[in-house]
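Anchor point for the sequence shown: position 98 equals 98 in full-length UniProt numbering, and the numbering is continuous, going up by one each time.
Data first, discussion second: the structure below is written as structure tokens.
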Amino acid sequence: MTTLLDNNFLGIQHLGVPVTDLEASRAFYARLGFECVMEKTFDDSKGPVTALMVQRANMVIELYLLPDEERAEIGRRHDGHIDHIAFSVADIDRAFADIRAAGFETLQHAPIRLPFWRHGCRYFSIRGPGGEKLEFNQILAA
Numbered sequence: 001m002t003t004l005l006d007n008n009f010l011g012i013q014h015l016g017v018p019v020t021d022l023e024a025s026r027a028f029y030a031r032l033g034f035e036c037v038m039e040k041t042f043d044d045s046k047g048p049v050t051a052l053m054v055q056r057a058n059m060v061i062e063l064y065l066l067p068d069e070e071r072a073e074i075g076r077r078h079d080g081h082i083d084h085i086a087f088s089v090a091d092i093d094r095a096f097a098d099i100r101a102a103g104f105e106t107l108q109h110a111p112i113r114l115p116f117w118r119h120g121c122r123y124f125s126i127r128g129p130g131g132e133k134l135e136f137n138q139i140l141a142a
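Structure follows, in structure tokens:
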């Protein structure tokens, strides 16, 4: 039986967690044995965003600090927040086409490139039935 994203789905890539204090989060996860494997700051439409990828074994968590207004909203959440689940794919353009062809509505009009990792990455997202964000992501080789 052929299913959506056959031969293109590689598994969970990372969990994205917005934070209100990046250094406190870095220290917290370091105490749990996570090591920083990437840190980047880039401009978003609302201001600078800093993303920190921490890893232990095959688990990667993206800790990210949003601009002031969005950070304040996250701070009002008393029980934390996981923003998205990211899946690795081998070919982001093929995944985007397959997802759209299957009738899913993507949150982006095309895959977005970010300056993460050594050569960048490209991603797009959809929403699950509970409003959760599912990200499909390809780390670029070159």
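Virtual Cβ for every residue (Gly too), placed ideally from N, Cα, C.
Would you check if the distance between the CB atom of Ala102 and the CB atom of Gly16 is smaller than 8 Å? Taking the sequence shown and counting its residues from 1, one reaches residue 102 at position 102. Taking the sequence shown and counting its residues from 1, one reaches residue 16 at position 16. Contact: no.
Our contact map puts Leu134 next to His81 with C-beta atoms below 8 Å; I'd like the distance itself, whole angstroms only. As a working note, residue 134 is residue 134 in the sequence shown. As a working note, residue 81 is residue 81 in the sequence shown. The Cβ separation is near 16 Å, so there is no contact.
Nearest neighbour of Ala90, chosen from Phe136, Met38, Gly75 and Met1 [CA to CA]: Within the sequence shown, residue 90 is the residue found at index 90, counting from 1. Of the candidates Phe136, Met38, Gly75 and Met1, the one whose C-alpha sits nearest the C-alpha of Ala90 is Phe136.
Are Ile92 and Leu107 touching if we call contact CB-CB under 8 Å? On the sequence shown, residue 92 is found 92 positions in, with the first residue counted as 1. On the sequence shown, residue 107 is found 107 positions in, with the first residue counted as 1. Cβ distance not < 8 Å, so Ile92 and Leu107 don't count as in contact.
Identified DSSP bridge partners for Ala51: What you label residue 51 is simply residue 51 of the sequence shown in a count that begins at 1. Answer is Lys40 and Tyr64, bridged to Ala51.
Please look up how many angstroms separate the CB atoms of Glu62 and His14, rounded, as I've assumed it's under 8 Å. Sequence index remark: in the sequence shown, residue 62 carries index 62 (1-based). Sequence index remark: in the sequence shown, residue 14 carries index 14 (1-based). Indeed they touch by this definition, with Cβ atoms about 5 Å apart.
Relative to the alpha-carbon of Cys121, which residue among Val37, Ala141 and His109 has its alpha-carbon at the smallest distance? In the sequence shown, the residue the question calls residue 121 occupies position 121. Checking every option, the nearest Cα to that of Cys121 belongs to Ala141.
Evaluate Pro48 with the Cβ neighbour count: other Cβ atoms within 10 Å of its Cβ, from every protein chain shown; 16 or more gives buried, anything less gives exposed. In the sequence shown, residue 48 corresponds to position 48, counting from 1. Looking at its Cβ environment, which holds fewer than 16 other Cβ atoms inside 10 Å, Pro48 is exposed.
In this structure, does DSSP put Ala86 in helix, strand or coil? Taking the first residue of the sequence shown as 1, we reach residue 86 at position 86. Strand, per DSSP.
Just to confirm, is the Cβ distance from Tyr64 to Thr50 under 8 Å? Counting from one through the sequence shown, the residue named residue 64 turns up at place 64. Counting from one through the sequence shown, the residue named residue 50 turns up at place 50. The criterion of a C-beta distance shorter than 8 Å is satisfied by Tyr64 and Thr50.
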